[in-house]
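Have a look at the structure below before the remarks.
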Amino acid sequence: MKNKHFYSSILVILFLLFTACNKDESEVESEEKYDKTINKVKNFETEHKLNEAFHCLANYINDKSTPLHYLNKAKLELARLYQMQGDFIEGENLLIDVLNSNTDESLEPHIHNILGIIYKEQKQFDKSLEHYLIAKNKSEQDLHKAIIQNNIGVVYLEKGENDNAIKSLKPLINNEELMQFPFYHVKAIDNLGFALIDSLPNVADSLLQKSYNIRDSINDEYGKISSTIHISKLYALKSDTLSSIKYANEAYQIATVSNSPDDRIEALDLLIRFDNKKNWYPLLYKVNDSINTIRQNHKYQFAKIKYDNTKALEQVEKQKNQKYILAIILVFLFVTGYLTFKMYKLKAKREQLQAIYNTETQISKKVHDELANDIFQALSYVEIKDDSEEGFKNTLLDKLDNIYQKSRSISRENNTIDTSENYIDELDNLIAGFNTSTTNIITKGIKQINWNKLKKEKKIAVYRCIQELLVNMKKHSNASLVLISFENNLNEIKITYKDNGIGITDLKIKNGLSNMENRIENVSGKCIFESDNGFKALINIPF
């Protein structure tokens, strides 16, 4: 018993380990698939192919095998793309959907951070600050907290609350976590420099130049747009128009190369204000029209991709449903066919057993009614009569011969049937055995039938049916003439039996006919019985 519990425990442990391994493998596969998708998206972004990036994410999200954790992470990336394209409503809806289904607390800072950006872009500064603060409080990494703190400072700058902006940004200048990542640290330096333009212009100049130089050293061309615009505004306040125009023009050139239309407009606004030597308005109108066209095209393309993905998903679901329904139909047909086959076999078996029972009953009845009585009479005769009497021996021999003939008849009726090439002789001998001085049996066409084409069980059925017909004729019909004809009829054998007897008047004969019907039906044949001026049977058995 102890061994049994020991091995059971081992099996349970192995099962748990196997399950855990499967889960680990599944998790690894899901992570690899997600990473591969995100890498594609990042590459598309680098190549400024946002539509392809969107399409890649949409396909990943529409895959129903994607685990919820990675599904929500992908939706975060998609919301960020919406935000970049200025489709703030779609981005907000997607993020709220993630919030409602999210079970991973580590994603919440990222969700609220993107919501903060979306609300800031829509000038909803209070809602933006609310979500940034939630993101900061939920974040467990100092780097993320510092990045979000910088975003909070930007919102205060947008609101015109420079004092609050300085309070938020100043601690970030010497933040050790942030200093390890120049790409993020320089943003805090640049934003603080811009916040100090009015109160401490010289400090602002030093910080802004520092941010410009750092971005130049790390090849952050896009980040240099912010630095050059801020420096241009600083020199405008110092009334250094030439320097302001110089940096505004540089900002415009970088924004044009970086395909950043909003930054181009901001740079053009500075050039229009301070560069009177050139008419910048036509270019401003052109850029504005271009921005509207681009954004409309992006929205249209995004909407088309969303529609195409939705339709594709619906088509996939439709195909899945069709396959599911087809599978159910096939299973139903298979089960129905199997059950029908089993029922047919069961019915055939039952009929076979019934036929065996009927045969045994018939043999038993014949032995009882015919042989037993004759044997009893012979025994009584021997007991009563004196064997010395004249004629005793001949009479006894007659009785014994009668018993022998009846035994032989019963044996012949139930013997094994030779269904080989000798079958036709077997059938001839059967019929000849009933041909007597008082009953003439005529056969026709028996040798024209290709009996080799007929299966064994069908040969047996033909033999037993003819035997049953002849036995009934001998016992009940008092016929003096019998005709049995055989002929080929298309793909079946047609057997016709006729006699000039009294027809069907006895219930016992009807029971025999019922046995014949069962035999014929069991081999897919048909039979018809008629009783008018004698008895007639029509039997059709397919090859």
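Under mature numbering (1 follows the signal peptide of the UniProt record, and there is no 0), residues -23 to -1, 1 to 520 are what the sequence shown spells out, in order. For each residue, glycine too, the CB sits at the ideal point set by N, CA and C. Just so you know, these numbers come straight off a predicted model, no measurement behind them.
Compute the beta-carbon to beta-carbon distance between residue i and residue j, rounded to the nearest angstrom, for a pair I have assumed lies under 8 Å.
{"i": "L185", "j": "I222", "result": "Not confirmed; about 16 Å, so no contact."}
{"i": "G200", "j": "V234", "result": "In fact, because the Cβ distance is near 13 Å, the residues do not count as touching under 8 Å."}
{"i": "F160", "j": "L120", "result": "Not quite, the Cβ-Cβ distance comes to about 11 Å (not below 8 Å), so this is no contact."}
{"i": "D175", "j": "S188", "result": "Between S188 and D175 the Cβ distance is about 18 Å, and since that is not below 8 Å, they are no contact."}
{"i": "L348", "j": "I394", "result": "About 22 Å separates the two Cβ atoms, so there is no contact after all."}
{"i": "S462", "j": "N477", "result": "Not really, about 15 Å apart at Cβ, beyond 8 Å."}
{"i": "W428", "j": "K436", "result": "7 Å"}
{"i": "L211", "j": "Y229", "result": "Rounded, the Cβ-Cβ distance is 17 Å, inconsistent with contact."}
{"i": "I91", "j": "L76", "result": "At roughly 11 Å, the Cβ-Cβ gap does not stay under 8 Å, so I91 and L76 are not in contact."}
{"i": "L53", "j": "L84", "result": "7 Å"}
{"i": "L45", "j": "T80", "result": "7 Å"}
{"i": "E434", "j": "V500", "result": "6 Å"}
{"i": "D351", "j": "K324", "result": "D351 to K324, Cβ: 39 Å. No contact."}
{"i": "K115", "j": "P86", "result": "5 Å"}
From the DSSP output, read off the bridge partner residues of residue i.
{"i": "D476", "result": "V459 and F512"}
{"i": "F318", "result": "Looking at the DSSP assignment, F318 forms no beta bridge with any residue, so it has no partner."}
{"i": "P519", "result": "E469"}
{"i": "F506", "result": "A514"}
{"i": "K421", "result": "S462"}
Taking all protein chains shown into account, do 16 or more other C-beta atoms lie within 10 angstroms of the C-beta of residue i, making it buried, or fewer, making it exposed?
{"i": "C(-3)", "result": "Its pLDDT being 49, under 50, C(-3) is placed unreliably by the model, and the measurement read from it follows with that caveat. When all chains shown are included, C(-3) counts as exposed."}
{"i": "G314", "result": "exposed"}
{"i": "L467", "result": "exposed"}
{"i": "L490", "result": "buried"}
{"i": "residue 558", "result": "Nothing about residue 558 can be read from this structure; the chain reaches only from -23 to 520."}
{"i": "S397", "result": "exposed"}
{"i": "Y358", "result": "exposed"}
{"i": "M320", "result": "exposed"}
{"i": "L245", "result": "buried"}
{"i": "V459", "result": "buried"}
{"i": "A304", "result": "exposed"}
{"i": "L310", "result": "exposed"}
{"i": "Y301", "result": "exposed"}
{"i": "L374", "result": "exposed"}
{"i": "S105", "result": "buried"}
{"i": "V308", "result": "exposed"}
{"i": "F318", "result": "exposed"}
{"i": "D74", "result": "exposed"}
{"i": "F520", "result": "exposed"}
{"i": "V439", "result": "buried"}
{"i": "G480", "result": "buried"}
{"i": "V18", "result": "buried"}
{"i": "A165", "result": "buried"}
{"i": "T327", "result": "Residue identity differs from the one stated: residue 327 is Arg in this sequence, not Thr. Under this definition R327 is an exposed residue."}
{"i": "I470", "result": "buried"}
{"i": "I195", "result": "exposed"}
{"i": "E117", "result": "exposed"}
{"i": "N399", "result": "exposed"}
{"i": "K322", "result": "exposed"}
{"i": "L356", "result": "exposed"}
Between residue i and the rest of its own chain, which residues show a CB-CB distance below 7 Å, the 5 nearest in sequence each way excluded?
{"i": "S145", "result": "Q126, I129, G130 and Y133"}
{"i": "Y37", "result": "T14, T43 and A51"}
{"i": "K113", "result": "K122, I125 and Q126"}
{"i": "K147", "result": "L169"}
{"i": "S142", "result": "One point to set straight first is that residue 142 is Ala, not Ser, in the sequence displayed. The answer, listed in chain order, is G130, Y133, L134 and A172."}
Leaving out five residues before and five after residue i in sequence, what residues of the same chain have Cβ atoms less than 8 Å from its Cβ?
{"i": "Q99", "result": "F65"}
{"i": "V180", "result": "G170 and L173"}
{"i": "D363", "result": "F369"}
{"i": "Q425", "result": "F463, E464 and N465"}
{"i": "N253", "result": "none"}
{"i": "I497", "result": "A438, C442, K503, C504, I516 and I518"}
{"i": "T416", "result": "M450, K451, A456, S457, L458 and V459"}
Just to confirm my understanding: we take residue i, look at its own chain, exclude 5 residues before and 5 after, and list those with CB closer than 6 Å. What are they?
{"i": "Y11", "result": "Y47"}
{"i": "G68", "result": "A56, Y59, Q60 and I95"}
{"i": "K503", "result": "N517"}
{"i": "N412", "result": "I418"}
{"i": "E154", "result": "D119, L120 and A123"}
{"i": "F475", "result": "In the sequence as displayed, the identity of residue 475 is Lys instead of Phe. Closer than 6 Å at Cβ, skipping near neighbours: L460 and K513."}
{"i": "D240", "result": "I202 and A232"}
{"i": "N139", "result": "A172"}
Relative to the ligand SAH, is the shortest distance from any of its heavy atoms to the C-beta of residue i smaller than 8 Å?
{"i": "S105", "result": "Inclusion of the ligand SAH in the displayed structure is not the case, the ligand content being empty and no account of it being possible."}
Uninterrupted beta strand (DSSP E) stretches inside the stretch 162 to 243 (no shorter than 3 residues) = Assignment of beta strand (DSSP E) within the stretch 162 to 243, counting only whole runs of 3 or more residues, yields no such run.
In chain order, which continuous runs of the alpha helix (DSSP H) of length 4 or greater are located wholly inside the stretch 55 to 96?
-> Counting only runs of 4 or more, we get 65 to 78.
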